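**Student:** The sequence shown begins at 12 in the working numbering and counts up by one.
Let me give you the structure first, and then I'll get to my questions.
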Amino acid sequence: MGLGRVAIATVATAWLVTACASGDAGGGDPTCPTPPCADAATPAVDAATAPPDATPAPDATPLPDAAPLGGFGDPCSDKGECESNICVLAGIGGLCTETCVAGSCPDGYGCVGVFGAIEPGVVADVCMPESTQLCTTCEADSECSLIGADKCIPYPDGKRFCGQDCSLVECPDGYRCDTVSIDGTDYQQCIPQSGACDCDASTAGATEPCDIATPFGTCGGTRTCEGDTGWSACAPPSPTDEPDGAFADDDCDGIDGVVADGVFVAPTGTNFMCGTPAAPCKTIQFGIDSAVAGGLSYVYIQAGTYDEIVTLASGVHLVGGFDSNWTRDDRNQPGHAVTIRGGLDPDESQYVTVIAHDLTATTKVMDLFIQTPDATGTVGGRGRSSHGVHAANSATLVLERVTITAGDGAPGATGAAGDSASTTAAPSGGGGAPGEESFDLCSTSRSAGGAGASNSACPGTAGGTGGAGGSKDSDCSVFSPDFDATAGRAGTNASVSASGSYGAGGAGGSVCNPGGAGRAGRVVNGAAGSGAAAGGQLIGNYWFGRDGGSGGVGEH
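Structure below.
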């Protein structure tokens, strides 16, 4: 581009009027060429022979005096109006000037070579007004015009500065004449050698913000004044960019992260020839597998819901929080939430969303919502759990800004029923001892009752002993023989009994009748199985709810 001023020397057409010397009307007079001069065209009249009544001709009207010629710096429209015969165009008009050598011009003027100032097609050094607008800020050409076509020039950084037309005038020291295209028209303009009006040796080291265009918008950078060579290129805040909680595009490649070091995933993608921002993959797992195959470090995930179980790979990071334009922000902001919903993994037979097993390098999971449904079913009688992230042998796993919501675990299986009681009927009690045959006058002895029945399958459950028989007399002392017989005694209760119910002894008989039969023993159910213990238990690498205990053995 070029900046500059236009100095145009105007050349007026001069009309030269030449008068002849006075003399005779003779044709051979060399001072009066043919046709005869104006003063020889009319013959002289001898005053002595003139008619006496002749009246002298009146004097001619005198011509008006010519306007004085302009001096140095006076306005002009033609060089004929200037004492120096030099008129140059400056600003919106012309001014009279004069030739010069370096340093001979008055203050405010410089000795500048101007094309056509004196002779057409020839550059002559003349005094020209020094521009005070060159490289000043502007909005319109009218703020810059001093020598013709000085332009208000837009620079690549969006700033605008006055130039100076250099199509006919040399540029000042420190400037060069360049071609500048403005609205499709080329102009010759003076611009600084550094290429910038606001950066030279005096401002070296200064910095200012600038914008870098990216595929997804602009990124704020910084440029530095490098003195005579002008401004540096706009540099990003950092040459590297690791996704973090600042969500900033530090390397100005268009995303928070490094575009070339990741696989892009979006709900609208497809798992074929994919992985770029313009052609993302559809599933996170396909993205992880593609990153491993390509030696890449990141999987960049666009907002949406992904119904899949994800198995992490060592050293491949999951990065959420991207919206539909691949701008990253907090996952709680509208349009930035990434949700992964898992399910029952057929290989592990567990409810899980993210599996992190045997990771050996740092593996980050960032800015995600991880959800797992309620678990159902059991394994070996133990209830399954619901795992949001299941990590095993993975001390290098790092979770950053991740919300995990696991479902309810499944209940353990019901405990087994207790063994049934023996179906064999309880045996009868033994027979009572035979009654005693006595010839004694008086007797108080009693015959023993029968032995209680027993059950060898259930120790401690024998029946009660039968009651003893009645006696002939109640008292055989010397002084008070009663001669009265007594009734038999009641049998004893069984070992397992309820008063008046199962296993109760029979009533004693009357004097003339046998004792009553004891009641049958009862069958007792086994004790209920114990409930599952509080909490669960770790089996292998998974957590299970405990199952119930078995029931006890029933009894007779």
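From the three backbone atoms N, C-alpha and C, an ideal C-beta is built for every residue, glycine too.
Remember, it's a predicted structure, so these values are computed and weren't measured experimentally.
Exposed or buried, what is Pro254 when buried is set at 16 or more other beta-carbons lying within 10 Å of its beta-carbon?
**Tutor:** Working through the sequence shown from its first residue, we reach residue 254 at position 243. Classification of Pro254: buried, given that the 10 Å Cβ count is 16 or more.
**Student:** So what's Lys227 in DSSP terms, helix, strand or just coil?
**Tutor:** The residue you call residue 227 lines up with position 216 of the sequence shown. With the sequence shown as reference, residue 227 is identified as Phe, and Lys is not the correct amino acid for it. Correct three-state label for Phe227: coil.
**Student:** Could you tell me if Lys170 is buried or exposed, where buried requires 16 or more neighbouring beta carbons within 10 angstroms of its beta carbon?
**Tutor:** By one-based count along the sequence shown, residue 170 stands at place 159. When all chains shown are included, Lys170 counts as exposed.
**Student:** Can you look up Thr143 in the DSSP assignment and give me helix, strand or coil?
**Tutor:** The count along the sequence shown starts at 1 and reaches residue 143 at position 132. Residue state, collapsed to three classes: coil.
**Student:** Once you ignore the five residues that flank Pro288 on each side, which residues in its own chain have a CB closer than 6 Å to its CB?
**Tutor:** One-based indexing of the sequence shown puts residue 288 at position 277. So the qualifying residues of the chain are Phe275, Trp337.
**Student:** Spell out the partners DSSP gives Gly354 in its beta bridges.
**Tutor:** Taking the first residue of the sequence shown as 1, we reach residue 354 at position 343. Answer by DSSP bridge pairing, in chain order: Val363.
**Student:** Roughly how many whole angstroms lie between the Cα atoms of Cys177 and Ala207?
**Tutor:** Position 166 of the sequence shown, counting from 1, holds the residue named residue 177. Position 196 of the sequence shown, counting from 1, holds the residue named residue 207. Whole-angstrom Cα-Cα distance: 17 Å.
**Student:** Please go through the same chain and pick out, in chain order, the residues whose beta-carbon is closer than 6 Å to the beta-carbon of Thr364, but skip the five residues on each side of it.
**Tutor:** Along the sequence shown, read from residue 1 onward, the residue named residue 364 stands at position 353. Contacts found: Ile351, Gly353, Ile381, Thr383, Gly399.
**Student:** Which first and last residues belong to the alpha helix (DSSP H) in which Ile193 is found?
**Tutor:** Within the sequence shown, numbered from 1, the residue matching residue 193 stands at position 182. Unbroken run through Ile193 is the beta strand (DSSP E), 186–193; no alpha helix (DSSP H).
**Student:** Could you name the residues that DSSP lists as bridge partners for Ser115?
**Tutor:** In the sequence shown, counting from the first residue as 1, residue 115 sits at position 104. Beta-bridge pairing links Ser115 to no other residue.
**Student:** Am I right that His347 and Asp334 are in contact with their C-beta atoms under 8 Å? What's the rounded C-beta distance?
**Tutor:** Locating residue 347 in the sequence shown gives position 336, counting from the first residue. Locating residue 334 in the sequence shown gives position 323, counting from the first residue. Their Cβ separation, rounded to whole angstroms, is 5 Å, which keeps His347 and Asp334 in contact under 8 Å.
**Student:** Taking Cβ to Cβ, would you say Cys173 is nearer than 9 Å to Val137?
**Tutor:** Start at 1 with the first residue of the sequence shown, and residue 173 comes out as number 162. Start at 1 with the first residue of the sequence shown, and residue 137 comes out as number 126. No. Outside cutoff.
**Student:** How far does the beta strand (DSSP E) with Pro403 in it reach, from first residue to last?
**Tutor:** The residue labelled residue 403 in the question sits at position 392 within the sequence shown. A small fix is needed here, since residue 403 is Ala in this sequence, not Pro. Run containing Ala403: 397–403, per the beta strand (DSSP E) assignment.
**Student:** How would you call Phe297, buried or exposed, if buried means at least 16 neighbouring beta carbons within 10 angstroms?
**Tutor:** As a working note, residue 297 is residue 286 in the sequence shown. When all chains shown are included, Phe297 counts as buried.
**Student:** Does the distance from the CB of Cys293 to the CB of Gly305 come in under 9 Å?
**Tutor:** On the sequence shown, position 282 is the one that residue 293 refers to. On the sequence shown, position 294 is the one that residue 305 refers to. Cys is not the amino acid found at residue 293; the sequence shown has Lys there. Not a contact, by the Cβ cut-off of 9 Å.
**Student:** Is Asp300 helix, strand or coil when you go by DSSP?
**Tutor:** In the sequence shown, the residue the question calls residue 300 occupies position 289. Asp300 falls in the helix class under three-state DSSP.
**Student:** By the DSSP assignment, the beta strand (DSSP E) with Lys375 in it spans what residues?
**Tutor:** Counted from its first residue, the sequence shown places residue 375 at position 364. From DSSP, the beta strand (DSSP E) with Lys375 extends over 374–382.
**Student:** Three-state secondary structure (DSSP) at Glu253?
**Tutor:** Locating residue 253 in the sequence shown gives position 242, where the first residue counts as 1. Correct three-state label for Glu253: coil.
**Student:** I believe Leu329 touches Gly273 by the beta-carbon criterion, under 8 Å. Please report the beta-carbon distance rounded to the nearest angstrom.
**Tutor:** The residue given as residue 329 occupies position 318 in the sequence shown. The residue given as residue 273 occupies position 262 in the sequence shown. That belief does not hold up - the Cβ atoms of Leu329 and Gly273 are roughly 10 Å apart, past 8 Å.
**Student:** What does a CB cutoff of less than 6 Å around Asp378 pick up in its chain, not counting 5 residues either side in sequence?
**Tutor:** Against the sequence shown, residue 378 aligns to sequence position 367. Correct list, in chain order: Gly331, Gly332, Arg342, Arg412.
**Student:** Can you name the start and end residues of the beta strand (DSSP E) that Arg171 belongs to?
**Tutor:** Along the sequence shown, one-based indexing puts residue 171 at 160. Taken as a continuous stretch (DSSP letters only), the beta strand (DSSP E) holding Arg171 covers 171–173.
**Student:** Can you list, in chain order, the residues of its chain whose CB lies under 6 Å from that of Thr214, leaving out five sequence neighbours each side?
**Tutor:** For this step, residue 214 is matched to residue 203 along the sequence shown. Here the set comprises Cys236.
**Student:** Taking the alpha-carbon of Gln344 as reference, which of Leu179, Gly315, Gly119, Gly84 has the nearest alpha-carbon?
**Tutor:** Start at 1 with the first residue of the sequence shown, and residue 344 comes out as number 333. Looking at the Cα atoms, Gly315 is the closest of the given residues.
**Student:** For Thr416, report the span of its beta strand (DSSP E) as first-last.
**Tutor:** Within the sequence shown, residue 416 is the residue found at index 405, counting from 1. Looking at the DSSP string, the run of the beta strand (DSSP E) that includes Thr416 is 408–416.
**Student:** Considering only residues of the same chain and omitting the five flanking positions on each side of Ser149, which have a CB-CB separation below 8 Å?
**Tutor:** Along the sequence shown, read from residue 1 onward, the residue named residue 149 stands at position 138. Sequence inspection shows Cys at residue 149; the Ser mentioned does not correspond to that position. So the qualifying residues of the chain are Cys155, Cys163, Arg171, Phe172, Cys173.
**Student:** Let me confirm a value: Met284 is counted as buried when at least 16 other C-beta atoms fall within 10 Å, else exposed. Which label applies?
**Tutor:** Translated into positions along the sequence shown, residue 284 becomes position 273. Exposed, by the Cβ-count rule.
**Student:** Within a Cβ cutoff of 7 Å, which residues of the same chain sit near Phe7, ignoring the five residues on either side of it in sequence?
**Tutor:** The requested residue 7 does not occur in the structure, where the chain is confined to residues 12 to 567.
**Student:** Determine the contact status of Ala403 and Asp369, defining contact as a CB-CB distance below 9 Å.
**Tutor:** Here the question's residue 403 lines up with position 392 in the sequence shown. Here the question's residue 369 lines up with position 358 in the sequence shown. Yes, Cβ-Cβ distance for Ala403 and Asp369 is below 9 Å.
**Student:** Pick out whichever of Tyr166, Cys122, Pro226, Ala244 has its Cα sitting closest to the Cα of Thr233.
**Tutor:** In the sequence shown, counting from the first residue as 1, residue 233 sits at position 222. Checked all of Tyr166, Cys122, Pro226, Ala244; the closest Cα to Thr233 is Ala244.
**Student:** If you check the beta carbons only, do Gly418 and Ala386 fall under 9 Å apart?
**Tutor:** Taking the sequence shown and counting its residues from 1, one reaches residue 418 at position 407. Taking the sequence shown and counting its residues from 1, one reaches residue 386 at position 375. For Gly418 and Ala386, yes; Cβs fall inside 9 Å.
**Student:** Looking at C-alpha atoms only, which residue of Val270, Pro117, Pro167 is the closest neighbour of Arg339?
**Tutor:** Position 328 of the sequence shown, counting from 1, holds the residue named residue 339. Comparing Cα-Cα distances from Arg339 to each of Val270, Pro117, Pro167, the minimum goes to Val270.
**Student:** Are the beta-carbon atoms of Ala324 and Val349 separated by less than 9 Å?
**Tutor:** The count along the sequence shown starts at 1 and reaches residue 324 at position 313. The count along the sequence shown starts at 1 and reaches residue 349 at position 338. Going by C-beta atoms, Ala324 is not nearer than 9 Å to Val349.
**Student:** Using the three-state DSSP reduction, which class does Ala271 fall into: helix, strand or coil?
**Tutor:** Residue mapping note: residue 271 aligns to position 260 of the sequence shown, counting from 1. Looking at Ala271 - three-state DSSP - the assignment turns out to be helix.
**Student:** Measure the beta-carbon distance from Pro278 to Asp261 and round it to whole angstroms, keeping in mind my assumption that it falls under 8 Å.
**Tutor:** Locating residue 278 in the sequence shown gives position 267, where the first residue counts as 1. Locating residue 261 in the sequence shown gives position 250, where the first residue counts as 1. Going by Cβ atoms, the distance from Pro278 to Asp261 rounds to 27 Å, so no, they are not a contact pair.
**Student:** How long is the line joining the alpha carbons of Asp152 and Thr196, rounded to whole angstroms?
**Tutor:** The count along the sequence shown starts at 1 and reaches residue 152 at position 141. The count along the sequence shown starts at 1 and reaches residue 196 at position 185. Approximately 14 Å, taken between the alpha carbons.
**Student:** Buried or exposed for Glu219, please, with buried defined as at least 16 other CB atoms from any protein chain shown within 10 angstroms of its CB.
**Tutor:** As a first step, residue 219 is located in the sequence shown; it is residue number 208 there, counting from the start. By the 10 Å Cβ count, Glu219 comes out exposed.
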